[in-house]
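**Q** This structure is in structure tokens; I'll ask about it shortly.
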Amino acid sequence: MSDGQIVVSGLTKQFKKVRAVDNLSFTVEPGRVTGFLGPNGAGKTTTLRMLLNLVTPTGGTGTIGGRRYADLSQPLRTVGAVLEASSAHKGRTGRNHLRMICAAAGFPNRRADEVLDLVGLTPAAKRKFKGYSLGMRQRLGIAAAMLGDPRVLILDEPANGLDPEGIRWMRGLLRTLADEGRTILVSSHLLSEMELLADDVVIIAAGKLVKQGPVTEVVDGMAHVARVRVQTPQANELVKALADTVPGTTVSRADDGTLTVIGTEAATVGRTALKAGVELHELTTERPDLEDVFLDLTAGKAAIR
Amino acid sequence: MTTTTAVAPTVAFPDPGPAPLRLIRSELIKIRSTNVWWLFGIGVVLFTALALVVWTLIGNSQIDTAAAAGNDVFTPSQGTDAAQIAAERQQFAVEHDLSRTLISVAAQIYTSGQFFGLMFVMLIGTVLITNEFFHQTATTTFLATPHRTAVILSKLATAMLAAAFFWIFTTVLSLATGAIFLSAKGYGTQLDQWPVLRAILFNGLAYALWGVLGVGLGVLIRSQIGAVLVGSISYVAGTFLIQPIVFLIYTFLIKKTWVLTAMVAWPAIASGIMISPEDAYPYAPDWWVGGLVLVGYSVLFGAIGTLITRRRDIS
């Protein structure tokens, strides 16, 4: 039993015509940042909202530390959530927005000032929400999520609207919070950002789980999408030899003569070249990045449903 | 693999206190931290002041007529319609009985501004709900309190608190004006008369119940503009249209007095009946029937609102 573990089990949501989430199961461990990835419309937001009791599941359950959100006695002390950047009354100051949450949760008002300080919004505390930039709104959302000093943080596309400096700040904050032992679940479609931030990934497409695991394992397990870069003076011979002896490979040729082989490993390319008597000047494996893996895994599943 | 990582508590939290009080406090902060309360407050004060001027002037002439009336005898005009005769007889009686006139005038002045006051209280109740969707704060609210019934109940309680505030405020204003006016005319305050006290007290009940109706309306019509328009138009236009329409039905279609009595089913007319010392109109039911109708609507709207909110997906 671990306190901050998120367990999603057989979660399903059927909207009128669309099955937005389809028998989805995965777990999220404490002390790690888990990236929740999927193409637009894959069901990420619906999943998170079901986990937080905002949307009623058609089937299945989502629990946090073994309990459903609605059963938590002090939910904000356990879970902090950042769901949308524009969720505050336009005419209310940032500080009053936080104080209204404090009142509902029974937190002292000083928590509002403490979290404003944490996200660097103290100078804008008494400004009305409508005067906030998108980045400031995101920060206010994170501040609201941190009010209860929760051990689980759930963020839906938190990088949206943040400038590069803001993104770096958020990355540092989430890293620190995870290192403190908290559970961090972040949905995103910014794959390069996730590769820098996440320890684990959960990839879904069309409401179904595609892959779950540590980022490194997921990427390493996808070596077949690796690219092998080759420099040779006998390009034509190598292309022919690969086509004859290693089926399933594709070779592309850059302007400077560099060949890029997809669909096999460097060793196979080297062996093929040796047998064919082709001279090689360079043979490098380019490790696939998360984006390659993601696109390969979700290929054809990102269609508008 | 870390399965049990202890999170060092970095913040100390005091006991949160009882949930209902927390929620009502949160709702009151929501009202106070935006422009709504003082905009509506100004509206209520303006309409109350206007109503006070109008009712004092009307009361002034009514009292003078009654005081000057001698031993006139009631003679109905040419019409032979029972309802019309009854209306004339009632009017004659009120006009020629000084003590009844005083009670009627006092009750009218002490509940000044009720018509628009009730509308503003209803709109506050409505906005308590529709704001959550218009400004997308419903997510925040239901994250802090996943128990949606508790959230709706706290909004109902908050609407009643706002209603009580407006009632006390307008009543103090009206009592002061009315007492000065009546003593200037050389009469007592009439506050020792039960129908007058009843009017004042049940005016308060009307305020509270209209706050509840407003919350129900907000749940049923989630759109801010839609709910406010439907609420205020059906309140103002409905109230002015329903009486002529019902009288037309009575005159041309169903010549039965229960048609007139049944008008109590319209909420605004029910609250008028509830606080009126005299019959609000010919064949109006007793005052408590109006009260029951209004309570019935409030319970119905509150229950429907709670049930809908419990089931609704917040996205």
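Sequences listed follow chains A and B, in order.
Quick note, the first sequence lines up with residues 1452 to 1756 if you use our numbering.
Quick note, the second sequence lines up with residues 198 to 512 if you use our numbering.
Every residue, glycine too, gets a C-beta built ideally from N, C-alpha and C.
Just so you know, these numbers come straight off a predicted model, no measurement behind them.
1. Considering only C-alpha positions, which residue in the set T1634(A), V1570(A), R1619(A) is nearest to S1643(A)?
2. How is E1733(A) classed by DSSP in three states: helix, strand or coil?
3. Which residues, in order along the stretch 212 to 233 of chain B, keep a beta-carbon less than 7 Å from a beta-carbon of chain A?
4. Could you check whether I221(B) and A354(B) sit closer than 7 Å to each other, using their CB atoms as the reference points?
5. Start and end of the beta strand (DSSP E) containing A263(B)?
6. Quick one: is V1690(A) buried, meaning 16 or more other Cβ sit within 10 Å of its Cβ, or exposed?
7. Within 10 angstroms of its Cβ, does P213(B) collect 16 or more other Cβ (buried), or is it exposed?
8. Going by CA-CA distance only, name the one from V233(B), P482(B), V348(B) that's closest to L320(B).
9. Check whether the Cβ of V393(B) lies closer than 7 Å to any Cβ atom in chain A.
10. State yes or no: is the beta carbon of A1575(A) nearer than 7 Å to at least one beta carbon in chain B?
11. Quick one: residues in its chain with C-beta nearer than 6 Å to the C-beta of K1662(A), no 5 flanking neighbours on either side, listed in chain order?
12. Are the C-beta of P441(B) and some C-beta of chain A separated by less than 7 Å?
13. For the stretch 1495 to 1525 of chain A, which residues have a beta carbon sitting closer than 7 Å to at least one beta carbon of chain B?
14. Residues in the same chain with beta-carbon distance under 7 Å from G1714(A), minus the five sequence neighbours each way, listed in chain order, please.
15. For chain B, find out if any of its Cβ atoms is closer than 7 Å to the Cβ of S1584(A); answer yes or no.
16. Just the chain B side, please: which residues come within less than 7 Å of S1538(A) by C-beta, in chain order?
17. Under the rule that 16 or more other beta-carbon atoms within 10 Å means buried, what is Q387(B), buried or exposed?
18. In chain B, which residues lie with their C-beta within 8 Å of the C-beta of K1541(A)?
19. Do the stretch 356 to 369 of chain B and the stretch 405 to 420 of chain B make contact, defined as three or more Cβ pairs closer than 8 Å?
20. Just the C-alpha distance for G1455(A) and L325(B), rounded to the nearest angstrom, thanks.
21. Count the C-beta pairs between the stretch 1631 to 1642 of chain A and the stretch 1595 to 1611 of chain A that are closer than 8 Å, then say yes if the count reaches three, no if not.
22. Going by DSSP, which residues form a beta bridge with Q1525(A)?
23. Any contact between the stretch 1573 to 1584 of chain A and the stretch 240 to 248 of chain B? By contact I mean 3 or more CB pairs, one from each, below 8 Å.
24. The beta strand (DSSP E) with R1562(A) in it runs from where to where?
25. Taking P1481(A) and R1626(A) to be in contact with their CB atoms under 8 Å, please state how far apart those CB atoms are, rounded to whole angstroms.
26. Which residue from F330(B), T342(B), L225(B), D294(B) puts its Cα closest to that of L417(B)?
27. Give me the Cα-Cα distance between A1686(A) and L1710(A), rounded to the nearest whole angstrom.
28. Can you give me the start and stop residues for the beta strand (DSSP E) that D1655(A) sits inside?
29. Flag this pair as yes or no: are the beta carbons of S230(B) and N1504(A) separated by less than 7 Å?
30. Given a cut-off of 7 Å, decide if A1556(A) and A341(B) are closer than it, judged by their beta-carbon atoms.
31. Answer with yes or no whether the minimum CB distance from L1624(A) to chain B is below 7 Å.
32. Quick check on I1635(A): does DSSP put it in helix, strand or coil?
33. With DSSP as the reference, identify every bridge partner of L1604(A), one or two as the case may be.
**A** Quick look at the numbers:
1. For the options T1634(A), V1570(A), R1619(A), the alpha carbon positioned closest to that of S1643(A) is the one of R1619(A).
2. In the structure shown, E1733(A) sits in a strand (DSSP, three-state: E or B).
3. Within the stretch 212 to 233 of chain B, the residues whose Cβ lies closer than 7 Å to some Cβ of chain A are P213, G214, R219, L220, R222, S223, I226, K227, S230, T231, N232, listed in chain order.
4. Their beta carbons are under 7 Å apart, which means A354(B) touches I221(B) by this criterion.
5. Run containing A263(B): none in the beta strand (DSSP E); it sits in the alpha helix (DSSP H), 233 to 265.
6. The residue is buried, with at least 16 neighbouring Cβ atoms inside 10 Å.
7. The residue is buried, with at least 16 neighbouring Cβ atoms inside 10 Å.
8. It is V233(B) whose Cα lies nearest to the Cα of L320(B).
9. Among the CB atoms of chain A, none fall inside 7 Å of the CB of V393(B).
10. When Cβ-Cβ separations below 7 Å define contact, A1575(A) makes no contact with chain B.
11. Apart from the 5 residues on each side of it in sequence, K1662(A) sits with its Cβ closer than 6 Å to the Cβ of I1654, V1669, L1748 in its chain, given in chain order.
12. Chain A contact via Cβ: absent.
13. Cβ contacts with chain B come from R1500, L1503, N1504, L1505, V1506, T1507, Y1520, A1521, Q1525.
14. Contacts found: H1675, G1699, T1700, T1701.
15. No - not a single Cβ of chain B is within 7 Å of the one on S1584(A).
16. Simply Q333, T334, T336, T337.
17. Using a 10 angstroms sphere on the CB of Q387(B), the tally of other CB atoms reaches 16 or more, which defines it as buried.
18. For K1541(A), the residues of chain B that pass the 8 Å Cβ criterion are H332, in the order they occur in the chain.
19. Cβ pair count under 8 Å is three or more, so yes.
20. The alpha-carbon atoms of G1455(A) and L325(B) are separated by roughly 34 Å.
21. Taking one beta carbon from each stretch, the stretch 1631 to 1642 of chain A and the stretch 1595 to 1611 of chain A have 3 or more pairs nearer than 8 Å; the two touch.
22. DSSP lists no beta-bridge partner residue for Q1525(A).
23. Touching, no.
24. Element bounds for R1562(A): not the beta strand (DSSP E) but the alpha helix (DSSP H), 1561 to 1569.
25. Not a contact, Cβ separation roughly 14 Å.
26. Checked all of F330(B), T342(B), L225(B), D294(B); the closest Cα to L417(B) is F330(B).
27. Cα to Cα, A1686(A) sits roughly 8 Å from L1710(A).
28. Residue identity check: residue 1655(A) is Ile in the sequence provided, not Asp. If you look at I1655(A), you'll find it in the beta strand (DSSP E) that goes 1651 to 1656.
29. Not closer than 7 Å, so no.
30. Yes, they are a contact pair.
31. Output row for L1624(A): interface = no.
32. Residue state for I1635(A) is assigned as strand, using DSSP reduced to three classes.
33. Beta-bridge analysis with DSSP links L1604(A) to G1531(A), I1635(A).
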